[in-house]
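A.B. asks: Residue numbers for the sequence shown follow our numbering, beginning at 3 and rising by one. Ideal Cβ placement from N, Cα and C applies to all residues, glycine included. On a predicted model such as this, the values are computed, not experimentally measured, just so you know.
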Amino acid sequence: MIDLNDSGFEIRFKREEEFSALGGIRYDQIEAWAEVTYTGLIGAGLSKFDFQNLVDMQPIEGELPALNFTTNPDYNAKYDNLSASPGQPQLAGDEANLAKFNEKSLEGYAIEFMEKNGGPVGWDGKFPLSALTSDAPAEPTTPREREDKLCANSDADFSLTKAECRTQVAQCVFEEGAKPNFDWSLITACMEAKWRII
3 MIDLNDSGFE
13 IRFKREEEFS
23 ALGGIRYDQI
33 EAWAEVTYTG
43 LIGAGLSKFD
53 FQNLVDMQPI
63 EGELPALNFT
73 TNPDYNAKYD
83 NLSASPGQPQ
93 LAGDEANLAK
103 FNEKSLEGYA
113 IEFMEKNGGP
123 VGWDGKFPLS
133 ALTSDAPAEP
143 TTPREREDKL
153 CANSDADFSL
163 TKAECRTQVA
173 QCVFEEGAKP
183 NFDWSLITAC
193 MEAKWRII
């Protein structure tokens, strides 16, 4: 992670703090996450005025509602003692810094930075980090695997139990299965149109 505020980037908001993850962020680096949506914040009691202030990076008048964080069970504690690097102006790419740091290309400076700092995240000399794709689950290939994936979060996605979701998937297969050029995307679209909670 690179502190962009100290790297020579133009800061458009006084209270802005920005970081860049050169090469990407591994899933096992994420401790927890929270979904932050307009509907969720307003539903939790934030005023529309305060929401707009958040968007504009201005102070809010009320209290910020508590966020529901989901803990990542796969977080790796080896990252606990690491922190963001200080500014890296050689990576800024603006005219002033390009004039100052002209011995290498931006890519050359990026590779140099990762060679010095990328060990903990599995830097192997190439962008993006190869570890970002190696742990990804395989895409489903059989109809049953596709149904399992579509109904995995049926409570939250469709307000249906898994059994109800499977019944509705079967109904969508019945309705869509005879169409020319049939593929699973028609089933997903059918479920989205009929049952997706907005």
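Name the two residues that bound the continuous alpha helix (DSSP H) containing Thr-190.
C.D. replies: Looking up residue 190 in the sequence shown gives position 188. Residues 186 to 197.
A.B. asks: Taking 8 Å as the limit between beta carbons, can you name the residues of its chain near Ser-136, skipping five residues before and five after?
C.D. replies: Position 134 of the sequence shown, counting from 1, holds the residue named residue 136. Residue placement at Ser-136 is flagged as unreliable, the pLDDT there being 49, under the threshold of 50; the coordinate-derived value follows with that caveat. Cβ neighbours of Ser-136 beyond the five flanking positions: none.
A.B. asks: Let me check understanding here. Comparing Cα to Cα, which of Ala-98, Asn-83, Pro-122 and Gln-60 lies closest to Asn-26?
C.D. replies: One-based indexing of the sequence shown puts residue 26 at position 24. Correcting the residue identity first, residue 26 is Gly in this sequence and not Asn. Cα-wise, what sits closest to Gly-26 is Pro-122.
A.B. asks: Using 10 angstroms around the beta-carbon of Gln-60, count the other beta-carbons present and answer buried if the total reaches 16, otherwise exposed.
C.D. replies: What you label residue 60 is simply residue 58 of the sequence shown in a count that begins at 1. Burial call: exposed.
A.B. asks: Tell me whether Ser-9 sits in a helix, a strand or coil according to DSSP, three-state version.
C.D. replies: Looking up residue 9 in the sequence shown gives position 7. Three-state result, Ser-9: coil.
A.B. asks: Please state whether DSSP places Ala-34 in a helix, a strand or coil.
C.D. replies: The residue labelled residue 34 in the question sits at position 32 within the sequence shown. Ala-34 falls in the strand class under three-state DSSP.
A.B. asks: Would you report the Cα separation of Cys-153 and Asp-159, rounded to the nearest angstrom?
C.D. replies: Locating residue 153 in the sequence shown gives position 151, counting from the first residue. Locating residue 159 in the sequence shown gives position 157, counting from the first residue. Those two C-alpha atoms are separated by around 8 Å.
A.B. asks: Per the contact definition of three or more C-beta pairs closer than 8 Å, is the stretch 83 to 90 in contact with the stretch 60 to 72?
C.D. replies: Too few Cβ pairs lie closer than 8 Å, so no.
A.B. asks: Using the C-alpha atoms, what's the distance from Leu-93 back to Asn-7?
C.D. replies: Residue numbering aside, residue 7 sits at position 5 when the sequence shown is read from its first letter. Residue numbering aside, residue 93 sits at position 91 when the sequence shown is read from its first letter. Cα-Cα distance, rounded: 12 Å.
A.B. asks: Determine the closest residue to Arg-148 out of Ser-132, Cys-167 and Leu-131, with distance taken between C-alpha atoms.
C.D. replies: To locate residue 148, count along the sequence shown from 1; it is residue 146. The shortest Cα separation from Arg-148 among Ser-132, Cys-167 and Leu-131 belongs to Cys-167.
A.B. asks: Please classify Tyr-40 as buried or exposed, where buried requires at least 16 neighbouring CB atoms within 10 angstroms.
C.D. replies: Within the sequence shown, residue 40 is the residue found at index 38, counting from 1. Flag for Tyr-40 reads exposed.
A.B. asks: Using 8 Å for Cβ pairs, my map puts Ile-128 next to Gln-170. What's the rounded Cβ distance?
C.D. replies: For the purposes of this step, residue 128 is identified with residue 126 of the sequence shown, where counting begins at 1. For the purposes of this step, residue 170 is identified with residue 168 of the sequence shown, where counting begins at 1. Residue identity check: residue 128 is Lys in the sequence provided, not Ile. That belief does not hold up - the Cβ atoms of Lys-128 and Gln-170 are roughly 43 Å apart, past 8 Å.
A.B. asks: Would you kindly report the start and end of the unbroken alpha helix (DSSP H) that includes Gly-45?
C.D. replies: Here residue 45 corresponds to residue number 43 of the sequence shown, with the count starting at 1. Where Gly-45 is concerned, the enclosing alpha helix (DSSP H) stretches over 40 to 45.
A.B. asks: Given a cut-off of 9 Å on the beta-carbon distance, is the pair Ile-32 and Asn-99 in contact?
C.D. replies: Taking the sequence shown and counting its residues from 1, the one referred to as residue 32 is at position 30. Taking the sequence shown and counting its residues from 1, the one referred to as residue 99 is at position 97. Going by C-beta atoms, Ile-32 is not nearer than 9 Å to Asn-99.
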